[in-house]
Amino acid sequence: MPVTAFLVEDNKVIRDNLIPAIESLSAARVEGVAETADDAVAWLISHDGHWDVAVVDLFLRKGSGLNVVERCRDREPHQRVVVLSNYATPEMRRQALLLGADAVFDKSTETDALIDFLETLNGPP
Numbered sequence: 011m012p013v014t015a016f017l018v019e020d021n022k023v024i025r026d027n028l029i030p031a032i033e034s035l036s037a038a039r040v041e042g043v044a045e046t047a048d049d050a051v052a053w054l055i056s057h058d059g060h061w062d063v064a065v066v067d068l069f070l071r072k073g074s075g076l077n078v079v080e081r082c083r084d085r086e087p088h089q090r091v092v093v094l095s096n097y098a099t100p101e102m103r104r105q106a107l108l109l110g111a112d113a114v115f116d117k118s119t120e121t122d123a124l125i126d127f128l129e130t131l132n133g134p135p
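Laid out in structure tokens, this is it:
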């Protein structure tokens, strides 16, 4: 069953490379994108219960990915939130996990691990 993904990433070059990689290497399909924290939260709320995984960058054009992660705390049991950032320091990883992220991946070294994580998801029940 396809996994509905939502990507929160403000860098167009990264989006343009990441979306085809996600869609060709995993069962996930990117159904929406946002460049700001406010746009991300609005999309997630308007699609409540109808997304499976949110892939969130920490530094956005406006706002913080950490705020997006925190706003997803009350998600459905099948929904996952992961952080994908160039700034995946031990402290940022700790903070993201405390705010409710299921996993944190470094953009430059752990993209394969993100794809592996997405492959473990089955979509909604």
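When we follow my numbering, the leftmost residue of the sequence shown carries the number 11, and every step to the right adds one.
Note that beta-carbon positions come from the ideal geometry of N, C-alpha and C, so glycine has one too.
In this structure F69 is exposed. Its beta-carbon is surrounded by fewer than 16 other beta-carbon atoms within 10 angstroms.
By the Cβ rule, the segment 32-49 does not count as touching the segment 93-102, because fewer than three pairs are nearer than 8 Å. The beta carbon of S74 lies closer than 8 Å to those of A47, L68 in the same chain, with the five residues before and after it left out. Each of N77, R83, I32 was checked against the Cα of T130, and the nearest Cα belongs to I32. Taking the C-beta atoms as reference points, V65 is found no nearer than 8 Å to A37. Ranking Q89, L35, S34 by CA distance to the CA of I55 puts Q89 first.
Less than 8 Å divides the Cβ of G110 from the Cβ of V79. The continuous alpha helix (DSSP H) containing D126 extends over residues 121-129. Within the same chain, Cβ atoms closer than 7 Å to the Cβ of A123 are found at F115, the five residues on either side in sequence being excluded. In chain order, T14, F16 place their CB closer than 6 Å to the CB of W61, counting only its own chain and leaving out the 5 sequence neighbours on each side.
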